[in-house]
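Protein chains in written order, with this note's numbering: chain V, 1 to 352; chain P, 1 to 504. Everything on this sheet refers to the single structure shown next.
Below, the structure is given as structure tokens:
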């Protein structure tokens, strides 16, 4: 017994620090009684196979029809897009693993960008503007989180309403025009000046991916997120502060939206309400689902989701280069999501 | 009415699920105008027997006759046609529809292509009137109290002019006035000649409204007689039996340590009434009562899983007893819930992840990260200590046997060395050897100075380990018995409180 006792004193200070860092929480207590992953391996294999086939097939098609794809400039371009989509995908991944969904993420990103850009345009300091964008994102995440964890609202509905409010506000603030005249110091830092030939945005995307991977894999909070997403009731009995974990997942999602505001504003050199249009939500959810994040909560990986973002970006980019119309590309992306959810759904049922 | 009195006979009913016999040659007999109390502990076979009568389950053997002629009941619909109605414990209603809609949902009256609302309303009103209910047929179910909903459910049953009505634990979520009203309704039905079969865990109720009693135990009907020939203690005795059981694992300790936990005046409206008790170090306290007495609710309230309205909890910390909030107490104790698969473990996670979950903060390396090495060590040590049978620590817990899953539940808490364990039915659904292992583990913990509060439906199990018993009934602690109490004394203790007239 003694050998197992854990050195409490030693870790006490970390614990209290962590406790402060991680906020309070809910029981979505009607969640299922956990799933047994016997069949999971088989369908995971199918998903992985499908992903690989999709990617290889696309690359072959691209090679035949759009060899321009492989030019250095286009590859950097793709990595830039992957970084932007990837950041938002990571935010969504955390929320989805905790058993929720955040549809307001792109709208959150757009409103932050618009507010930050307006501040800069009015002569404000670009550093302060960055803080504004991140703060807006986190604040919106906090509101979503409180609504879901404390007020027990349904994530889908809350974030859908939040999306409408935020995009409405963004259009209203900008009169549907884009805000340009962004200071050069801001633009050059995030977009223009490459480090080792690679733009800052890509570095940041990679860094956040790494940090999020560690967060979800090796921190107490990460474990808690999985436990809550799998079975909130059991998590609560095990002493997991379920409400705080749920709240925090939305805050992280908001933080990712805020970071993306900065990078996307820098990349476009302007901000507009249209930055967070419906197509972006579709891309984020597609990336998560294709990347193996379960819509039922409790499973998925950050790296998988980022890989999903790569796949979706390459798909969009390739369709663009080949000359597929925007509308057809939406149809194809939608079909890809449905295909993956179909596999996921079969898995969900098989586990019951 | 007595000339054409309904007579129900069920004879030699047997049923096995997946090779496990749940009913063995069960029989019962009941007459119209009377209520038959069907009693039995959890798993005695009451529900299965009634589901056979209600057409939800087919029997393997046996014969059912109504008024002397054999009947075959192959579906719930056939049961309804033969005049058998079932008022379930879990009310299956459509909350957003109206009372009238719910009463007629399976056979809506139509005129042409349209539902004849007026007709439905009028007939609903008549049915509800028969029950003395003033609920409007227009109101939506979700606006009604549980008691009113139940009357609607009974009205639905009355629609088919039933001769036999089965009530399955109808009072478990009713308030006292609602309960009295239900009894009035049942007496009214009896006066109309309806045959009532009444299932409950509350002993006092059967003495006030039933004429006859049939007791089941382990799938057999062990007793049938007029109510007047038995008393409450006798019924408890019949329900629980007096199997010799195995000997004590540990004799009651005469000298427990100091007070670990004191609960004073704990109250939760409608659930727990003024609960006061203490648990001392090194003792195993049995929380003894029938299902629905508030045992589980007390456990959950103590650790903050359910809210409390009043009362304080005192916990022995470094500097003596001090007041503690339930949520904080949760961090100090090992808590085993009765719902192992739903709440005790994460079925999809591995053994290692399950064991680590409540202990993550103590497995941190520097940089606030979980130390994978220590996590593996913890799992390895627990698997060894509890003798968990698994292919390895990465095996998903959902694929383990029940006994091994329960060991994981214990293992989750053992690592933190809690001084108090709250155990709610820790051996439920386990085989004999797994049960013994869990019981021994409990005694080991007590020997090491831990306090244990143990809930179990099986008396002989409690009697193998308990140093003291707290007896619960209807949300109150009604008495306390020493570890030396006999089975007879323990059963008498639940029975004697049977006046049940307290109000919340």
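Note that the Cβ used here is the ideal one computed from N, Cα and C, for glycine as well.
- In terms of beta-carbon proximity, residue 380(P) stays away from the interface with chain V, with every pair separated by 7 angstroms or more.
- By the Cβ neighbour-count rule, residue 328(P) is exposed, with fewer than 16 other Cβ atoms within 10 Å of its own.
- For residue 166(V), no CB of chain P lies under 7 angstroms from its own CB, so it is not counted at the interface with that chain.
- The DSSP-derived three-state label of residue 61(P) is strand.
- Chain-order list of chain P residues neighbouring residue 239(V): 330, 331, 358, by C-beta distance under 7 angstroms.
- Per the Cβ contact rule, the segment 75-83 of chain V is in contact with the segment 305-319 of chain V (3 or more Cβ pairs under 8 angstroms).
- Here residue 47(P) carries a helix assignment [DSSP, helix/strand/coil].
- Residue burial annotation: residue 340(V) is buried, with at least 16 other C-beta atoms found within 10 angstroms of its C-beta.
- The C-beta separation of residue 30(P) from residue 212(P) comes to about 7 angstroms, placing the pair in contact by the 8 angstroms criterion.
- Cβ-Cβ distances below 7 angstroms link residue 305(V) to 89, 90, 93, 287, 288, 291, 293 in the same chain, with the five nearest sequence neighbours on each side left out; the list follows chain order.
- For residue 344(P), the residues of chain V that pass the 8 angstroms Cβ criterion are 234, 237, in the order they occur in the chain.
- Listed along the chain, the chain V residues whose CB falls inside 9 angstroms of the CB of residue 370(P) are 217, 218, 219, 220, 222, 223.
- When secondary structure is reduced to three states using DSSP, residue 327(V) falls in the helix class.
- Straight-line spacing of the CA atoms in residue 223(P) and residue 214(P) works out to 5 angstroms.
- CA-to-CA, the gap between residue 121(P) and residue 155(P) works out to about 13 angstroms.
- A check of alpha carbon separations from residue 466(P) across 168(P), 65(P), 76(P), 443(P) identifies 443(P) as the nearest.
- Burial is judged here by how many other beta carbons sit within 10 angstroms of a residue's own beta carbon; residue 184(V) has fewer than 16 and is exposed.
- Boundaries for residue 177(P): no beta strand (DSSP E) harbours it, while the alpha helix (DSSP H) harbouring it runs 176-191, taken from the DSSP string.
- Residue pairing by DSSP places residue 198(P) opposite 37(P), 167(P) in a beta bridge.
- Boundaries for residue 98(P): no beta strand (DSSP E) harbours it, and the DSSP string shows neither H nor E there.
- Judged by pairs of C-beta atoms under 8 angstroms, the segment 482-495 of chain P touches the segment 229-237 of chain P, as three or more such pairs exist.
- Note that the C-beta distance between residue 113(V) and residue 275(V) is below 7 angstroms.
- Excluding residues up to 5 positions away in sequence, 68 lie with their Cβ nearer than 7 angstroms to the Cβ of residue 74(V) in the same chain.
- Sorting 138(P), 118(P), 63(P), 116(P) by C-alpha distance to the C-alpha of residue 96(P) places 138(P) at the top.
- At a cut-off of 7 angstroms between beta carbons, residue 361(P) contacts chain V.
- For residue 209(P), the closest alpha carbon among the candidates 195(P), 216(P), 219(P) is that of 195(P).
- The beta-carbon separation of residue 78(V) and residue 317(V), rounded to 6 angstroms, stays under the 8 angstroms limit for a contact.
- When only Cα atoms are considered, residue 285(P) and residue 160(V) end up about 51 angstroms apart.
- In this structure, the straight-line span from the alpha carbon of residue 326(V) to that of residue 319(V) is close to 8 angstroms.
- Linking residue 373(P) to residue 332(P) through their CA atoms gives a straight-line distance of about 25 angstroms.
- DSSP links residue 174(V) through a beta bridge to no other residue.
- Contact note: residue 412(P) reaches chain V through 238, using a C-beta cutoff of 8 angstroms and chain order.
- Checking the DSSP bridge columns, you'll see residue 469(P) partnered with 286(P), 481(P).
- Under DSSP, residue 264(P) shares a beta bridge with 312(P).
- Under the 10 Å beta carbon count, residue 143(P) is surrounded by fewer than 16 other beta carbons and is classified as exposed.
- Between residue 358(P) and the set 203(V), 98(V), 241(V), 126(V), the nearest pair of CA atoms involves 241(V).
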